[in-house]
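Using the working numbering, the first residue of the sequence shown is number 2, and each one after it goes up by one. For every residue, glycine included, the Cβ atom is placed at its ideal position computed from N, Cα and C. Values in this document were obtained by computation on a predicted structure and should not be read as measured data. Quick notes on the structure that follows.
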Amino acid sequence: MMFVRYLLIDFGASRIKSVIYDSVLSEFYEQKSIESPFVNSCTITKNELKQILYSIVVGYKNVDRIYICSILGGSYILDKYHS
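Dropping the structure here:
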């Protein structure tokens with residue numbers, strides 16, 4: 002099976018950016034950006050993070066793979082992600 006459409010998500014401290022990469026056409030499209038929850042707080046619960054990521058993913062159709070990168074130095078302590 003050949004994977005063609007990749008959803009790339011960059012979870013940053015100020016913005017969460019997402020885009021589709023088509024490996025056959027070597028093109029990026031459907032770029033979106035929303036404000037990061039870390040603009041107002043330095044922590045987020047796992048459930049809040051899941052809800053945000055889910056709301057991004059459902060906005061895209063026919064995606065073969067999803068890749069997410071997080072904030073440099075970010076980590077989980079118990080049930081909270083810290084930026």
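Could you have a look at V58 and say whether DSSP puts it in helix, strand or coil?
helix
I need the DSSP call for I53, collapsed to helix, strand or coil.
helix
Give me the DSSP bridge partner(s) of I45.
Y82
Measure from the alpha carbon of N63 to the alpha carbon of each residue in R16, E49, V40 and Y22, then state which is nearest.
Y22
How about S37 and R16: do their beta carbons lie closer than 8 Å?
yes
Buried or exposed, going by whether 16 or more other CB atoms sit within 10 Å of the CB of L79?
exposed
Let's test the definition: count the other Cβ atoms within 10 Å of the Cβ of I45 and tell me whether it reaches 16, buried, or not, exposed.
With 16 or more other Cβ atoms inside 10 Å of its own Cβ, I45 counts as buried.
Can you tell me which of the three DSSP states V40 falls into?
helix
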